[in-house]
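Asker: Before I ask anything, here is the structure I am working with.
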Amino acid sequence: MPKNASRLVLLLAASSFLLTGCATDATIEATTEVATTVDCVPAHPDLTTVEAGFLTVAAYEYPPFSAIDGESLSGAEGEILNAIAGLECLDVMVQPGTGAAMIPAIESGRADTTLGSWYRTAARAEIVLLSNPVIIDQLTLISVSGVDSVEGLIGNKVGSTLGFLWNEDLENVLGKDLSLYETTQALYADLASGRISVVVDTFPSGQAALKNTPVEGAVFNVPAPDERVVSTTKPGQTNFPVSLNNPGLQEAINDNLDTLRESGVLGEIAEKWGFSPTAVAETVPNLL
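The opening position of the sequence shown corresponds to residue -5 in this note's numbering, with each subsequent residue numbered one higher.
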């Protein structure tokens, strides 16, 4: 039996809450038990973190990928990091901030990692170490009219959130018909009011946003690959970035992702938060 078998049993027990509709708190309590078990033996005993005994996570609200529940993490990536911390016998320490502060927190050594749909990109690979892919994130078109292709965007008022990698390509296709928003709330409020007719987002992010800002008749379509928008041909892969000075943590995260994937925990977390289990399938890492 592998040395982390007892921790994995507890993680599997925790994951059983996921598909039965139990509250996030129950899952957090179950995964916390992994970290605080007296007999806990870390998967990587020599792991170095910002603060001994803790995995310090720079976090911001970006459901369904990340959410902050008091001093705990939730959302799909939050629960995955809870599980990774458990395998290393660490408690999670949440360091809240704005989206713009996340990667700098890793670079400066104030946090061990971050979450919230950070894609693996060539630019980021120059300033932080990137983990293997966590969630495969597909560009999705959300509209009442049922737009289902990049070509179909032309002639419509289209909105996206600042920071997405597809924005530059969309600007080249749409010009002034593309509006970029600072928050998803403002983006979907304009879809609801009719000021824009199509939102470009990801499937789970759109689902979460529409719960708070319902748009009657809104439908989701993943467009066919179109060379004009690279994100349709090469989907983003989220990751848990770490400092360039801590390759051991990168290795530990990658190993633990493999463990959680093989045990089925990743798939159960993905389904709970509105993703397909294939969104966390093993895939060849790429850089956008």
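Idealized CB from N, CA, C, for every residue including glycine. Predicted model only: the values in this text are computed from it and were never measured.
Express the C-alpha separation of A37 and E276 in angstroms, rounding to a whole number.
Answerer: 20 Å
Asker: By how many angstroms is the C-alpha of A77 removed from the C-alpha of D290?
Answerer: Shown here, the chain extends from -5 to 282; a query on residue 290 therefore has no answer.
Asker: Can you tell me whether D33 is buried or exposed? The criterion is at least 16 other CB atoms within 10 Å of its CB, across all chains shown.
Answerer: exposed
Asker: Indicate whether the contact test is met: 3 or more Cβ pairs, each with one atom in the stretch 181 to 201 and one in the stretch 133 to 140, closer than 8 Å.
Answerer: Verdict: yes, contact present.
Asker: Which residue spans inside the stretch 17 to 104 form an unbroken alpha helix (DSSP H) run of at least 4?
Answerer: 18 to 30, 70 to 81, 96 to 101
Asker: DSSP beta-bridge partners for L123?
Answerer: V236
Asker: Does the beta-carbon distance from S237 to L75 come in below 9 Å?
Answerer: no
Asker: Pull up the CB-CB distance for T92 and V51, whole angstroms please, since I reckon it's below 8 Å.
Answerer: Not a contact, Cβ separation roughly 15 Å.
Asker: Between E73, V167, V152, Y175, which lies nearest to G188 when the distance is taken from Cα to Cα?
Answerer: V152
Asker: Over the uninterrupted beta strand (DSSP E) stretch that includes V194, give me the two end residues.
Answerer: 192 to 196
Asker: Grab me the residues of T177's own chain with a C-beta within less than 8 Å of its C-beta, minus the 5 sequence neighbours each way, in chain order.
Answerer: T155
Asker: Given E71, which residues of its chain have a CB within under 6 Å of its CB, disregarding the five upstream and five downstream residues?
Answerer: F59, S60, L109
Asker: Between the alpha carbons of A273 and E265, how many angstroms are there, rounded?
Answerer: In this structure, the CA atom of A273 is about 9 Å from the CA atom of E265.
Asker: If V224 sits next to D163, beta carbons under 8 Å apart, how far is it from one beta carbon to the other, in whole angstroms?
Answerer: 6 Å
Asker: Starting from N215 and walking both ways along the beta strand (DSSP E), at which residues does that stretch end?
Answerer: 213 to 215
Asker: Going by DSSP, which residues form a beta bridge with V152?
Answerer: L172, V192
Asker: Would you call the stretch 157 to 172 in contact with the stretch 231 to 249, where contact means no fewer than 3 C-beta pairs closer than 8 Å?
Answerer: no
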